[in-house]
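Sequential numbering from 0 applies to the sequence shown in numbering that gives the first Met the number 0.
Built from N, CA and C at the ideal position, the CB exists for glycine as well.
What you are looking at is a predicted structure, and each value in this text was computed from that prediction instead of being measured.
Report on the structure given below.
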Amino acid sequence: MGNPIILSTWSFGQRANRAAWPILEKDGGALDAVEAACKDAEADPNNRTVGFAGLPDASGKPSLDAAIMLSPRQRGSVAFVRNFMHPISISRRVMEATPHVLLAGDGAEQFARAQGFKPSDLVNEESRAAWEKWRADHKPTARPVRNIEELGLSAVDEGNHDTIGVLARDARGTLAGGCTTSGLAFKIPGRVGDSPIIGHGLYVDPKAGAAVATGHGELVMGICGSFLAIELMREGKSPSAAATQVILRIADTYELTGQDQVGIITLAPDGSWSSASIRGGFKVALRDPTRDEMVEPGFVLMK
Numbered sequence: 000m001g002n003p004i005i006l007s008t009w010s011f012g013q014r015a016n017r018a019a020w021p022i023l024e025k026d027g028g029a030l031d032a033v034e035a036a037c038k039d040a041e042a043d044p045n046n047r048t049v050g051f052a053g054l055p056d057a058s059g060k061p062s063l064d065a066a067i068m069l070s071p072r073q074r075g076s077v078a079f080v081r082n083f084m085h086p087i088s089i090s091r092r093v094m095e096a097t098p099h100v101l102l103a104g105d106g107a108e109q110f111a112r113a114q115g116f117k118p119s120d121l122v123n124e125e126s127r128a129a130w131e132k133w134r135a136d137h138k139p140t141a142r143p144v145r146n147i148e149e150l151g152l153s154a155v156d157e158g159n160h161d162t163i164g165v166l167a168r169d170a171r172g173t174l175a176g177g178c179t180t181s182g183l184a185f186k187i188p189g190r191v192g193d194s195p196i197i198g199h200g201l202y203v204d205p206k207a208g209a210a211v212a213t214g215h216g217e218l219v220m221g222i223c224g225s226f227l228a229i230e231l232m233r234e235g236k237s238p239s240a241a242a243t244q245v246i247l248r249i250a251d252t253y254e255l256t257g258q259d260q261v262g263i264i265t266l267a268p269d270g271s272w273s274s275a276s277i278r279g280g281f282k283v284a285l286r287d288p289t290r291d292e293m294v295e296p297g298f299v300l301m302k
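In structure tokens form, the structure reads like this:
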């Protein structure tokens, strides 16, 4: 059926790919590989945007979202998880053990406990110190902070983006995808972005392809970005054309600022793939039998 491949967003995706590659190299399944890559990112204390040590919300507490997917009928996700390190694995359990798609908040955590997942403190000294500095630098306002400009974060720095997205194709040709995130740093408590919403941050259809998005989730959510990419591929568009059209649709929908960034990866059933982004700075980590490297997006709207 062809060579296996795994693709992940941002530079920390290269480490995640390396954690997952032994599964694909030994003819393991794409779903297992995606979960392993996401779990590696979730447990990495140096990754400030995912899982343990992810930057908290405005209350000082982290909240995690994730999704995993094989097909429109096989998908699961969780949102607003505060006390478990691996929301990607809880998402897989939602997919495999329940008739539901998305569990959130206390319900997701009760389910995780019932399934044998162990609670974990997600805050470390560095993430707590970052929140304390942010709180000291940002005086309370009459209304909640609404966007990244008001937070004073740089959108170009990948450390301020909120997701690792992973797509894989195994030696049998099976596609799988996953994404996991601690969300926008210092967000309003309760904010949920595109990552756990099927068709927004992630979509996989074995007949048409797989797509995953990263960056500012609100931009992706307005156009159902990953679903849009797959529908374009279903109509015959190449992975490159589909990824480009998603970014162009975002640009046509919003008045973009210098703080806005979205990156998307598209993977076809035959293993061909591409990516696109609003601006420079986004890269894709690629691992296959001959390559282990970072790749620039095929299309960049604002260079």
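Closest by C-alpha distance to residue i, when choosing among the options
{"i": "Glu-325", "options": "Met-232, Ile-277, Ala-242", "result": "Residue 325 lies beyond the stretch modelled for the chain, which goes from 0 to 302, so this question has no answer here."}
{"i": "Leu-300", "options": "Val-245, Thr-289, Ala-284, Val-283", "result": "Val-245"}
{"i": "Trp-20", "options": "Gly-297, Ser-194, Gln-260, Val-165", "result": "Val-165"}
{"i": "Thr-162", "options": "Gly-1, Trp-9, Gly-106", "result": "Trp-9"}
{"i": "Ala-32", "options": "Ala-170, Gly-279, Ala-103", "result": "Ala-170"}
{"i": "Ser-76", "options": "Thr-48, Glu-292, Val-191", "result": "Val-191"}
As assigned by DSSP and simplified to three states, the class of residue i
{"i": "Lys-106", "result": "Reading off the sequence, residue 106 comes out as Gly, not Lys. DSSP places Gly-106 in helix when its eight states are reduced to three."}
{"i": "Phe-226", "result": "helix"}
{"i": "Val-77", "result": "strand"}
{"i": "Gly-297", "result": "coil"}
{"i": "Glu-292", "result": "strand"}
{"i": "Trp-272", "result": "strand"}
{"i": "Leu-174", "result": "strand"}
{"i": "Ala-184", "result": "coil"}
{"i": "Ser-70", "result": "strand"}
Status (buried if at least 16 other CB within 10 Å, exposed otherwise) for residue i
{"i": "Met-232", "result": "buried"}
{"i": "Lys-186", "result": "buried"}
{"i": "Arg-91", "result": "buried"}
{"i": "Lys-38", "result": "buried"}
{"i": "Ala-135", "result": "exposed"}
{"i": "Pro-238", "result": "buried"}
{"i": "Thr-265", "result": "buried"}
{"i": "Arg-142", "result": "Its pLDDT being 44, under 50, Arg-142 is placed unreliably in this model, and the coordinates cannot settle the point."}
{"i": "Gly-1", "result": "exposed"}
Proximity test, Cβ basis, 7 angstroms: residue i and chain B
{"i": "Arg-290", "result": "In the structure shown, chain B does not exist; there is a single protein chain."}
Residues of its chain near residue i, where Cβ-Cβ distance is below 8 angstroms and the 5 sequence neighbours each way are ignored
{"i": "Lys-206", "result": "Arg-233, Pro-268"}
{"i": "Thr-213", "result": "Thr-8, Trp-9, His-160, Asp-161, Thr-162, Ile-163, Gly-164, Cys-178, Gly-200, Val-261, Gly-262, Ile-263, Phe-281"}
Spatial neighbours of residue i in its chain, beta-carbon cut-off 6 angstroms, leaving aside the 5 residues before and after
{"i": "Ile-4", "result": "Arg-168, Gly-270, Asp-287"}
{"i": "Met-84", "result": "Glu-41, Gly-50, Phe-51, Ser-119"}
Anticipated Cβ contact below 8 angstroms, residue i with residue j, distance rounded
{"i": "Gly-200", "j": "Val-219", "result": "6 angstroms"}
{"i": "Arg-74", "j": "Met-94", "result": "6 angstroms"}
{"i": "Glu-34", "j": "Ile-67", "result": "7 angstroms"}
{"i": "Thr-243", "j": "Phe-298", "result": "4 angstroms"}
beta-carbon residue i near the ligand GTP non-hydrogen atom, thresh 6 angstroms
{"i": "Arg-290", "result": "For the structure depicted, the ligand GTP is absent and the ligand set is empty, with no information on it obtainable."}
7 angstroms Cβ shell around residue i - same chain, five flanking residues per side excluded
{"i": "Ile-147", "result": "With a pLDDT of 39 at Ile-147, under the threshold of 50, the modelled position of that residue is not reliable, and no figure is offered here."}
{"i": "Val-100", "result": "Arg-74, Gly-75, Ser-76, Ile-197"}
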